[in-house]
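S.K.:
2 protein chains.
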Amino acid sequence: MNALTPSDDAQKAYLDELIAKRLLLPLGPPGVYGRGHVFEDVIERFDALITASAVDDHAERMRFPPVISRASFEQSGYLKSMPQLAGSVASFTGTQAEHMQLLELVHEGKDWSCCQTMTDVVLTPAACYPIYPTVAAQGPVPAGGRLIDVYSYCFRHEPSGDPARMQMFRMREFVRLGAEGDVLPWRDRWQERGLALLEAIGLTGANAPANDPFFGRGGKMLAANQLEQKLKFELVYPITSVEKPTALLSFNYHQDHFGSIYGVKQEDGQVAHTACVGFGMERVALALFKTHGLDPALWPEAVRARLWP
Amino acid sequence: MNALTPSDDAQKAYLDELIAKRLLLPLGPPGVYGRGHVFEDVIERFDALITASAVDDHAERMRFPPVISRASFEQSGYLKSMPQLAGSVASFTGTQAEHMQLLELVHEGKDWSCCQTMTDVVLTPAACYPIYPTVAAQGPVPAGGRLIDVYSYCFRHEPSGDPARMQMFRMREFVRLGAEGDVLPWRDRWQERGLALLEAIGLTGANAPANDPFFGRGGKMLAANQLEQKLKFELVYPITSVEKPTALLSFNYHQDHFGSIYGVKQEDGQVAHTACVGFGMERVALALFKTHGLDPALWPEAVRARLWP
C-alpha cells in the first residue's frame, strides 16, 4: 500500500461508497475489483459513445488479449522507464518432485516464486502496445496512414486505495500510424474532440493542465520539458481531489519511437510516426458516478440521452 | 511447443488460413493472438445470443478483470491439479542498482526473472473463480440460490499450434450457487440448452462423449471415474479433427468444493453447492468459421439470422 496522503480520506470514502453499492466488488488486493452490472453497463455505454463519435474516422478494429509477447515488450523500452509498473507472467514447468515442493510452500504460506519460470508473455501495459509489431508485420503503411481501434485490459503494478488507480483497468485507444503530417494534426484534433465527448456526458471543466517548466536546472532541462509537453498531454478531471485531478484521456505523439523499434514503415520506406489517444474507461465511469451520483437512473436527462440513446 | 502429433497438420493448415484472412493476428508465442474485426464481431454476436437465450433466467451480471487475488487462488486447489497451466504475475520491486541489473539482463537477452517479485495477483484460470469469494463476502445465498453471469479472459500456459488451444481466451459462464436441489438440475438442463444453442448456429452433431470406464485398476478406480463423469461433462465438436473433437461447452458440478473453501453458505447455514456452465468463446467462433467458411457474409441465412437478428 502507498503511504497515506491528505487526499486519501476522500479516496477511501468514495471507494467505500462504490463497494457498498456493489458498483465495485473487492477481490482483496488494493486496486483489484470486480464490476457490478451497473458499473459495467456505464462502461459499455461510454464505449459505444466513443465508437459512435468516431464512426466517420473508419478506424480498423483490432482486439487483443491482455498479454503481449515478452520479446516485443523487452524491445519497447518500458522496462527502462517504468519497470515497477510492469507485470511478467510466470508458470510452473518443473518435475513431480518440484510440484511437491511448490505445494509445500503454498501450504506453509511461503513465497513459491522459486517454483515459477518466466513465460513468453507479459501483461499489456497500455492497449496500443500490440499494435506496432502487428502493423509492422502487415507491411508498409499506405499513403495517408492507418488508424487502428483497440480496447483491452491493462495492468499496472501500483497497489493503491484510490479507486481511480486500479491495477487492472480498461483502455480504449485509437492509434494513428503514418507520416508526421498525418499523425500530429490528428492527435491535436482529438484534444477538442475529447473535451466535447466529456462535456456531452456532463463532465465539464476537464482541462489539459500546463505543466510549469522546471527552471532549476537550466535551459537544457527546460527544452526537454517543453518537448515532452508537446509529445504528451492529458485531459484531467477532479474525481476525489480538485488539487490532484485524475487523467481521463491521454494524447501521445511517439514521433518515430515505436516505428523504429518495431520496423513500422511508410510506403516510401521511411519509418512511420505514431500517435494515440487513450480513454481510461474505469476513470470516466468513476467521474460519472462522482459527478451525477451512484444511480444512473437519476442522472441528468441530457447525459442519459447520450449514453442510452 | 508441443511435440508433433498426426492432427497437427490440420491444425496448422487451419491456423494459417485464419492468419492469412487476418481473423487471427499472431503476436509471437504459440496460442497468443490478436483478433481481427470479423473474428471479434462473431464473438460479440455469439455472446449476445447466449445473453438472449438465457434472459429469462435473470442471472446477476458481474464482470471481473483477468486476474484474481493470489491468496484466493492458493486456496482454490488449482495448483494441486493443474500447476503447469497457472500463470502468476510478478513485478519489479527493487532498487535503482537492481534496475540497472534488470536492464543489463534484458539487453543481453538473459533471463530477468531474478529481478521480479511475485505480486498479489495471478491470471484467472477460469471465469468463475472470482465468483466464490465475492458471493461469500455478500452473505448467505438466499433460498432458491443465486445465479451469476460472468465473462472474462482466462489464461492457460499450454503453448500449442492448435488454434483452438489458446493461452489467452474468453470464457462466458453461468454459475449457480445454492442447495444441491437447485444446482444439479439446473446444470443438467443446460446440456440440452447448450446443444440447442449450438444447433441454432449450425453446429450440429456436438455431443457429450461417454468416457469409457477404466477397468484396469479395479472397482475403486471405476467408481471414481463414474463419479467424475457425473461431476463434469462437455459438448465436443470437430474443429480440426473428428477423432479428437474440441470441447466448446463444459458443465461442472463442484458439489460443496468451492462452497467449503470460500465459505459460501446457504440461508440455513449449510455450505452451498455450486455448478457452472462455461462457453469457450474463441472455440465456438473457430467452429463457426470451420463449418460455414471464413466469410460470415456467406454463412447460411438461418445461422446469420440468429447471430445478426
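Chains as they are written, first to last, in my numbering: chain F, 119 to 427; chain L, 119 to 427.
Built from N, CA and C at the ideal position, the CB exists for glycine as well.
1. When DSSP builds the beta bridges, which residues end up paired with F/Pro144?
2. Listed from N- to C-terminal order along the chain, which residues in the region 239–252 of chain F have their beta-carbon within a distance smaller than 7 Å of any beta-carbon of chain L?
3. Taking the continuous alpha helix (DSSP H) assigned at L/Ala420, which residues delimit it?
4. Look at the alpha carbon of F/Ala415 and the alpha carbon of L/His410, and state the distance between them as a whole number of angstroms.
5. When you compare the CB of F/Thr169 with every CB in chain L, is at least one pair closer than 8 Å?
6. Work out the CA separation of F/Gln193 and F/Leu265 for me, nearest whole Å.
7. Report yes or no: is there a C-beta of chain F within less than 8 Å of the C-beta of L/Ala208?
8. Can you check which of these residues, F/Val389, F/His391, F/Leu367, is closest to F/Ala244 by C-alpha distance?
9. Under 7 Å Cβ-Cβ, which residues of chain L neighbour F/Val181?
10. Pick helix, strand or coil for L/Phe397, following the three-state DSSP scheme.
11. Determine the extent of the alpha helix (DSSP H) in which L/Leu302 is found, giving its start and end residues.
12. Could you tell me how far apart the beta carbons of F/Ser209 and F/Thr242 are, in whole angstroms, since I believe they sit closer than 8 Å?
13. Quick one: give me the first and last residue of the beta strand (DSSP E) that F/Arg264 is part of.
14. Name, please, each residue of chain F whose Cβ falls closer than 9 Å to the Cβ of L/Asp174.
15. Could you check whether the Cβ of F/Val354 sits closer than 8 Å to any Cβ belonging to chain L?
16. In the region 279–293 of chain F, which residues sit with their C-beta less than 9 Å from some C-beta in chain L, listed in chain order?
17. So, under 8 Å CB-CB, L/Ala282 and L/Ile186 are touching, yes? Tell me the CB distance rounded to an integer number of Å.
18. How about L/Gly149 and L/Met289: are their beta carbons less than 8 Å apart?
19. Which whole-angstrom value describes the C-beta separation of F/Pro251 and L/Pro184, a residue pair presumed to lie in contact below a C-beta threshold of 8 Å?
20. Chain F partners of L/Gly146, CB-CB under 9 Å?
21. Can you find the residues in the same chain that come closer than 6 Å, C-beta to C-beta, to F/Lys408, ignoring five residues on each side of it along the sequence?
22. Return yes when the Cβ of L/Gly263 is within less than 8 Å of the Cβ of L/Arg294, no when it is not.
23. What does L/Thr322 pair with, by DSSP beta-bridge criteria?
24. Between F/Gly205 and chain L, is there a C-beta pair that is closer than 8 Å?
25. Count the other CB atoms within 10 Å of the CB of L/Ala390; is the residue buried (16 or more) or exposed (fewer)?
26. Of the choices L/Gln256, L/Leu315, L/His176, whose alpha-carbon is the least far from that of L/Arg163?
27. In the structure shown, what three-state DSSP assignment does L/His176 receive?
28. Under the rule that 16 or more other beta-carbon atoms within 10 Å means buried, what is F/Glu352, buried or exposed?
29. What separation, rounded to the nearest whole angstrom, lies between the Cα atoms of L/Pro201 and L/Arg188?
30. Pull up the distance between the alpha-carbon of L/Arg311 and that of L/Glu158, whole angstroms please.
31. Whose Cβ in chain F lies nearer than 8 Å to the Cβ of L/Pro258?
32. Give the DSSP-derived three-state secondary structure of L/Leu412 in the structure shown.
33. Report the neighbours of F/Tyr271 on chain L: residues whose CB is nearer than 8 Å to its CB, in chain order.
34. Give me whichever residues DSSP pairs with L/Ser187 in a beta bridge.
35. Give me, in chain order, the residues of the same chain whose beta-carbon lies closer than 6 Å to that of F/Cys232; leave out the 5 immediate sequence neighbours on both sides.
36. State the Cα-Cα distance for the pair F/Pro147 and L/Met180, rounded to the nearest angstrom.
M.R.: Reading from the atomic positions:
1. F/Tyr151
2. Val239, Leu241, Pro248, Thr252
3. 419–425
4. 42 Å
5. no
6. 23 Å
7. Yes, its Cβ sits closer than 8 Å to a Cβ of chain F.
8. F/Leu367
9. Inspection of the sequence shows that residue 181 of chain F is occupied by Arg rather than by Val. The contacting residues are Gly152, Arg153, Glu158.
10. strand
11. 298–318
12. Wrong, their Cβ atoms sit about 18 Å apart, outside the cutoff.
13. 264–273
14. Near L/Asp174 there are no residues of chain F at all, since even the closest Cβ is about 17 Å away, more than 9 Å.
15. no
16. Met284, Gln285, Met286, Phe287, Arg288
17. About 24 Å separates the two Cβ atoms, so there is no contact after all.
18. no
19. No, F/Pro251 and L/Pro184 are not in contact; Cβ-Cβ is about 21 Å, not under 8 Å.
20. Annotation: Cβ neighbours of L/Gly146 in chain F (cutoff 9 Å, chain order): Ile186, Ser187, Arg188, Ala189, Ser190, Asp238, Val239, Pro251.
21. Ile357
22. yes
23. Bridge partners of L/Thr322: none, in fact.
24. yes
25. L/Ala390 is buried by the Cβ-count criterion.
26. L/Leu315
27. coil
28. buried
29. 13 Å
30. 24 Å
31. Within 8 Å Cβ-Cβ: nothing; L/Pro258 doesn't reach chain F, min ~16 Å.
32. coil
33. Pro183, Pro184, Tyr271
34. L/Val239
35. none
36. 18 Å
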